[in-house]
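Asker:
In our numbering, the protein residues as written are 63 to 207.
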């Protein structure tokens, strides 16, 4: 096969674009790569954090480009973002009001979890040599985190 695939970008349907943009841009530190604005309202956007990205769209409820959702959006969907410092990321986003889980070590990675406004689970992970199952609070008096 000669075709080259460059990346995969998750595409989330969101209920409230404004709320999602605040969560991802203001809360997590994503930036706009591209966006479609109609009548002063963002309808779709491509967001980046470092080299990782995702797309968001608030679909209409009626008309040619409408979409109906029978099940709860986000259920069963988890994105894992590999980063240089999940503990630092946790400290940064919680200082901006984001509700994130206390970092713990799982699969030789520091992991912090959060859920976006539509129920999509986001994990931010970074490699570590700290013992499996350790929580950040257990290292509060050390410099190992």
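Just so you know, even glycine gets a beta-carbon here, dropped at the ideal spot from N, CA and C. Bear in mind the structure is a predicted one, so any value in this text is a computation, not a measurement.
1. Can you give me the start and stop residues for the alpha helix (DSSP H) that residue 153 sits inside?
2. Judging by CA-CA distance, which residue of 151, 98, 86 and 73 is the nearest neighbour of residue 179?
3. Counting along the chain, where does the alpha helix (DSSP H) carrying residue 83 start and finish?
4. What does the alpha-carbon distance come out to for the pair residue 136 and residue 78?
5. Rounded C-beta distance between residue 142 and residue 188? I'm assuming under 8 Å.
6. Measuring CA to CA, which of 185, 80, 112 and 75 is closest to residue 102?
7. Work out the CA separation of residue 139 and residue 76 for me, nearest whole Å.
8. Identify, in the order they occur along the chain, each residue of the same chain with its Cβ nearer than 6 Å to the Cβ of residue 152, setting aside the five sequence neighbours on each side.
Answerer: With the given structure in hand:
1. As a working mapping, residue 153 is identified with position 91 in the chain shown. It spans 148-157 - the alpha helix (DSSP H) in which residue 153 sits, taken as one unbroken run.
2. For the purposes of this step, residue 179 is identified with residue 117 of the chain shown, where counting begins at 1. Out of 151, 98, 86 and 73, 86 has the C-alpha closest to the C-alpha of residue 179.
3. For this step, residue 83 is matched to residue 21 along the chain shown. Element bounds for residue 83: 79-83.
4. Working through the chain shown from its first residue, we reach residue 136 at position 74. Working through the chain shown from its first residue, we reach residue 78 at position 16. For residue 136 and residue 78, the distance between alpha carbons rounds to 13 Å.
5. Your numbering for residue 142 matches position 80 in the chain shown. Your numbering for residue 188 matches position 126 in the chain shown. Not confirmed; about 11 Å, so no contact.
6. Within the chain shown, the letter at position 40 stands for residue 102. That would be 80, whose Cα lies nearest to the Cα of residue 102.
7. Here the question's residue 76 lines up with position 14 in the chain shown. Here the question's residue 139 lines up with position 77 in the chain shown. In a straight line, the C-alpha of residue 76 is about 13 Å away from that of residue 139.
8. Reading the chain shown from its first residue, position 90 is the one you call residue 152. Around residue 152: 162, 165 and 174.
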